[in-house]
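Residue numbers (our numbering): 2 to 542.
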């Protein structure tokens with residue numbers, strides 16, 4: 002008896018599978034109905050699009066090839082339609098039946114329908130649906146997803162699931178999953194809506210927050226307490242992480258701006274702090290460093306193009322040595338004779354800056370230089386919320402930190418640094434114990450010029466490089482040095498990053514000009530409170 006019951010149950014289950022299996026399986030596209038709708042136009046065209054999208058999840062590779070061929074023929078007016086609504090494809094002198102692709106004779110009244118503006122919108126939807134499940138480039142699939150998002154209600158969820166299963170690109174898969182979540186937000190089932198809200202809440206960006214907030218106006222969400230509670234919880238979660246991301250983005254952008262300010266001011270801190278020379282050519286030394294990096298790029302491109310992406314690394318020693326040599330020449334020929342005459346030093350360095358600008362303008366022209374951005378300096382990674390770490394700004398921050406540590410090590414751990422600190426604190430006493438103040442002045446000026454050149458290398462991939470670029474850095478450099486404390490490396494770093502944070506924090510609300518003015522007023526107030534700067538150097542003249 003038990004065996005009979007088990008056998009009967011098995012037979013019933015088998016019958017259910019046989020009966021329901023074909024019903025549950027996805028049906029292939031109805032070729033004849035799709036062709037007839039394309040030929041009819043108007044409402045028939047929309048019905049053809051719906052039939053195509055509904056049938057794509059159950060389509061075979063042969064069905065996909067047929068659909069791409071017919072839809073492409075319709076788009077290029079190569080689909081011919083007769084008076085009875087049948088479609089044909091022209092193939093030489095004969096023709097093909099559009100539904101079966103069997104050779105047939107073309108009717109005399111077969112003409113190509115002209116796609117109207119409305120028909121082109123429907124055609125765009127069909128082409129996008131085919132791109133989801135056809136072997137096309139990832140960029141084409143992403144564009145197709147963007148198109149179908151405008152027709153969210155007409156895209157079957159099974160089609161999105163099929164596209165996800167066939168995707169081999171991480172970015173495409175992420176976009177498809179996001180598309181599926183957006184579909185679930187408007188699903189009739191409460192559980193699907195709640196699941197879609199939870200999935201969308203994992204995307205902690207302002208875009209997701211805006212989409213969640215827009216659902217509050219949907220009557221279907223307000224009418225269901227469970228959905229409304231899940232929506233409020235999701236909005237609160239995403240909003241918290243968006244605020245966290247905004248704070249991190251503010252700090253990161255401030256560090257990035259501060260690193261550029263520090264790199265432009267570190268050389269001036271050495272020169273101004275040691276010798277008291279107001280070097281108005283400091284901005285032009287930054288410009289020389291950027292142009293030297295460009296020359297290195299051109300040499301690498303001509304000699305070893307396979308290693309062109311390494312030119313920023315190869316340019317580091319070249320840029321430092323070239324600008325340091327120029328600084329030593331300036332100090333030995335001009336500055337050395339004007340130490341006791343600060344006004345003449347200011348005018349002389351201003352004249353040197355004009356000379357360097359015009360020499361570069363004659364040699365390279367007034368236009369901006371084009372730098373090749375290596376692949377490791379492009380793009381970035383999303384961390385949390387809208388906080389996006391860009392590789393080029395991260396490289397600038399790391400470069401500034403390394404320059405700071407290198408300069409600090411030279412001043413604290415080497416004999417040259419000991420002599421520089423000794424001359425800075427008491428020039429006459431240093432001379433009494435055998436330290437050549439003139440030689441230290443020359444080396445310090447060259448070292449400061451070399452650091453300015455490295456600043457030019459750091460800003461080259463970010464800023465416009467032209468003969469006049471130095472003017473954009475000289476004022477900010479002096480502000481940083483004076484605020485941090487003349488000759489103080491740590492004070493210069495603190496001042497640079499502080500000014501960078503202030504500028505970045507104020508600029509989105511009041512604009513770049515107001516941010517500069519407010520930062521300047523804060524600097525004036527701090528100097529009134531501490532005239533020697535944030536960190537004063539003992540024995541400073």
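Idealized CB from N, CA, C, for every residue including glycine.
C-alpha gap between residue i and residue j, whole angstroms
i: residue 405; j: residue 490; result: 8 Å
i: residue 168; j: residue 57; result: 15 Å
i: residue 381; j: residue 247; result: 16 Å
i: residue 191; j: residue 390; result: 37 Å
i: residue 529; j: residue 492; result: 17 Å
i: residue 269; j: residue 486; result: 12 Å
i: residue 235; j: residue 315; result: 49 Å
i: residue 51; j: residue 179; result: 22 Å
i: residue 253; j: residue 402; result: 14 Å
i: residue 543; j: residue 102; result: Outside the shown range of the chain, which is 2 to 542, sits residue 543, and nothing can be said about it.
i: residue 341; j: residue 514; result: 37 Å
i: residue 271; j: residue 250; result: 31 Å
i: residue 108; j: residue 49; result: 23 Å
i: residue 188; j: residue 36; result: 30 Å
i: residue 295; j: residue 322; result: 15 Å
i: residue 145; j: residue 158; result: 15 Å
i: residue 277; j: residue 531; result: 19 Å
Under 8 Å between C-beta atoms of residue i and residue j
i: residue 200; j: residue 182; result: yes
i: residue 458; j: residue 495; result: no
i: residue 421; j: residue 445; result: yes
i: residue 142; j: residue 123; result: no
i: residue 440; j: residue 337; result: no
i: residue 454; j: residue 331; result: no
i: residue 46; j: residue 111; result: no
i: residue 205; j: residue 243; result: yes
i: residue 468; j: residue 287; result: no
i: residue 232; j: residue 210; result: no
i: residue 164; j: residue 131; result: no
i: residue 149; j: residue 129; result: yes
i: residue 53; j: residue 127; result: yes
i: residue 291; j: residue 470; result: yes
i: residue 1; j: residue 78; result: Beyond the ends of the chain as shown, which are 2 and 542, falls residue 1; an answer cannot be given.
i: residue 239; j: residue 385; result: no
i: residue 324; j: residue 279; result: no
i: residue 135; j: residue 39; result: no
i: residue 354; j: residue 419; result: no
i: residue 197; j: residue 186; result: yes
i: residue 425; j: residue 452; result: no
Spatial neighbours of residue i in its chain, beta-carbon cut-off 7 Å, leaving aside the 5 residues before and after
i: residue 258; result: 501, 504 and 505
i: residue 523; result: 503
i: residue 462; result: 372, 374, 378 and 393
i: residue 477; result: 262 and 265
i: residue 600; result: Nothing can be reported for residue 600: it is not among the residues displayed for the chain, which extend from 2 to 542.
i: residue 432; result: 438
i: residue 443; result: 329, 332 and 333
i: residue 398; result: 256, 257 and 260
i: residue 417; result: 411 and 444
Residue environment, residue i, which counts as buried when at least 16 other CB atoms sit within 10 Å
i: residue 475; result: buried
i: residue 370; result: buried
i: residue 30; result: buried
i: residue 313; result: buried
i: residue 448; result: buried
i: residue 218; result: exposed
i: residue 71; result: buried
i: residue 273; result: buried
i: residue 195; result: buried
i: residue 32; result: buried
i: residue 25; result: Below a pLDDT of 50, predicted positions are generally treated as unreliable, and residue 25, at 37, falls in that range; the measurement from the model is reported next regardless. By the 10 Å Cβ count, residue 25 comes out exposed.
i: residue 327; result: buried
Beta strand (DSSP E) segment containing residue i, residue limits
i: residue 55; result: Counting along the chain, residue 55 falls outside any beta strand (DSSP E), though it belongs to the alpha helix (DSSP H) covering 44–56.
i: residue 391; result: 388–391
i: residue 485; result: Careful: residue 485 lies outside any beta strand (DSSP E), inside the alpha helix (DSSP H) at 472–485.
i: residue 376; result: Careful: residue 376 lies outside any beta strand (DSSP E) and carries neither H nor E.
i: residue 134; result: First-last for residue 134: 118–134, but that is the alpha helix (DSSP H), not the beta strand (DSSP E).
i: residue 80; result: 80–82
i: residue 277; result: Careful: residue 277 lies outside any beta strand (DSSP E) and carries neither H nor E.
N- and C-terminal bounds of the alpha helix (DSSP H) containing residue i
i: residue 98; result: Segment 95–98 is the beta strand (DSSP E) holding residue 98; no alpha helix (DSSP H) there.
i: residue 59; result: Taken as a continuous stretch (DSSP letters only), residue 59 belongs to no alpha helix (DSSP H), as it is neither H nor E.
i: residue 420; result: 416–426
i: residue 147; result: 139–149
i: residue 503; result: 490–511
Sequence-distant residues of its chain with Cβ nearer than 8 Å to residue i (five each side left out)
i: residue 162; result: 58 and 181
i: residue 472; result: 284
i: residue 301; result: 308, 309, 311, 312 and 315
Own chain, CB closer than 6 Å to residue i, minus 5 neighbours either side, in chain order
i: residue 335; result: 349
i: residue 84; result: 110
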